[in-house]
Amino acid sequence: MNKILEELKNNNYSVNSIIKLNSNLIITSNNKKYLLIKKEEFSKEIRNYLKSINCNYYLPWIDTLTNYEVLEYYDSDNNLKELILSLSDIHYNSLITNNYTEEELKSIYEEKVKEIDEVMTYTLKLQDYIEELYYTRNDYYQTIINISKVYNILRTSRYYLDKWYSLNDTSYREVLLIGNTSLSNFIHNQKNYFIDFKNSKRGNITGDIISFYKSNYYDEIYSLFTLYNSKINLTEKELYLFLSSICLVPKISFSNDLNSNLKVIKDYYDYIDRTMSFVLEKDKEYQKTNKEIFKQENNDIKLSSDENKN
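Our numbering applies: residue 5 is where the sequence shown begins, and numbers increase by one.
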């Protein structure tokens, strides 16, 4: 830290304060804030690409130090709506259609089936273990009384995964994925900025919205997802993959701290309850849309038939 402070001083930064932000540093100098981001985590390539597609959601570059790049930094009001709008804009402007090979598609499907099966098997063994205990401590008790919810959401994950795979469509929409869609990596001030792009890469469009859901399922997620969908509109196949992915819950993990375990279990089942409600609502909405489309198509057929009669 002393070496950084010395280098900053030699570069005419009068440092009033310095705090950590993940692996980065925020300094205050002459009433302005700057972000020091490690050089290995600073991607000029991503920044140049964002500029080329008119998505300038990156902090302005100021200076270069030995081990860090210096960027302007601003306080944020933690606005999830602005985050989702910025994310959808990047996805929309970076979107291309690509294709998996049949082998790649099968491999993705089999890997996700394996993940679901592993959590299912682990949960079954956990249930057997708890039920065989002579004395059931409180965290295990809270787990076992709701354990059917775990099986239910995992079956739901497999259901949508099978629907995704059964479409037998190798095409997918590829975008620039931010990789970290949490509020800790986003600034809403006079403009919108993502802080770093160390996890950014091109990939299936559902990647970011899946991680966004898992980080923010408790914050008006339905309206936020609807807002994203209004800008870019997930296809039927993408929706199936998204629903399957958010239903793939991790294994329940325990520590030696009872109170910590109770909180983990509470949050775990809260996620399941909220996600199942979300999935049922989205499925109902999708079915309604399909019926309306089918009805309109039938009307068009009738009108066409009537015209042919004349």
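Glycine included, C-beta positions come from ideal geometry on N, C-alpha and C.
No experiment lies behind these values; they were computed from the predicted model shown.
Residue i classed as buried or exposed, judged by whether at least 16 other C-beta atoms fall within 10 angstroms
| i | result |
| --- | --- |
| Ser-249 | buried |
| Glu-44 | exposed |
| Ile-297 | Residue confidence for Ile-297 is low, a pLDDT of 44 falling below 50, so the modelled location carries little weight; the figure read from the coordinates is stated next. Flag for Ile-297 reads exposed. |
| Thr-210 | buried |
| Asp-166 | exposed |
Limits of the beta strand (DSSP E) - the one that residue i falls within
| i | result |
| --- | --- |
| Val-74 | 72-77 |
| Ser-21 | 19-25 |
| Leu-252 | Premise fails: Leu-252 is in no beta strand (DSSP E) and is neither H nor E. |
| Asp-67 | 65-68 |
| Leu-39 | 36-42 |
When the options are compared against residue i, the one with the closest alpha-carbon
| i | options | result |
| --- | --- | --- |
| Ile-148 | Thr-160, Thr-127, Ile-182 and Leu-165 | Thr-127 |
| Glu-86 | Phe-229, Asn-265, Thr-279 and Glu-136 | Phe-229 |
| Tyr-273 | Val-123, Val-154 and Asn-193 | Val-154 |
| Leu-9 | Ser-27, Thr-32 and Asn-26 | Thr-32 |
| Thr-105 | Ile-236, Pro-254, Ser-175 and Ser-188 | Ser-175 |
| Ile-22 | Ile-30, Leu-54 and Ile-50 | Ile-30 |
| Lys-42 | Asp-67, Asn-35, Val-19 and Glu-107 | Asp-67 |
| Asn-156 | Asn-15, Lys-110, Glu-107 and Leu-284 | Leu-284 |
Range covered by the alpha helix (DSSP H) that runs through residue i
| i | result |
| --- | --- |
| Ser-175 | Where Ser-175 is concerned, there is no enclosing alpha helix (DSSP H), although the beta strand (DSSP E) it sits in stretches over 175-181. |
| Tyr-145 | 142-148 |
| Asp-166 | 151-170 |
| Thr-105 | Counting along the chain, Thr-105 falls outside any alpha helix (DSSP H), and DSSP gives it neither H nor E. |
| Phe-46 | Run containing Phe-46: none; DSSP gives neither H nor E here. |
| Tyr-232 | 225-236 |
Per DSSP, the bridge partner or partners of residue i
| i | result |
| --- | --- |
| Ile-191 | Tyr-197 |
| Gly-211 | Paired residue(s): none; Gly-211 is not in a bridge. |
| Ile-134 | DSSP, once it has assigned bridges, lists no residue as partnering Ile-134. |
| Ile-100 | Glu-178 |
| Asn-28 | Leu-25 |
Beta-carbon separation (whole angstroms), residue i vs residue j, contact threshold 8 Å
| i | j | result |
| --- | --- | --- |
| Lys-37 | Tyr-78 | 7 Å |
| Gln-146 | Ile-269 | 5 Å |
| Gly-207 | Glu-178 | 6 Å |
| Asp-81 | Cys-59 | Incorrect: roughly 21 Å between the Cβ atoms, too far for contact. |
| Tyr-61 | Asn-196 | 6 Å |
Any chain C beta carbon closer than 7 Å to residue i
| i | result |
| --- | --- |
| Lys-48 | Of the protein chains in this structure there is only one, and it is not chain C. |
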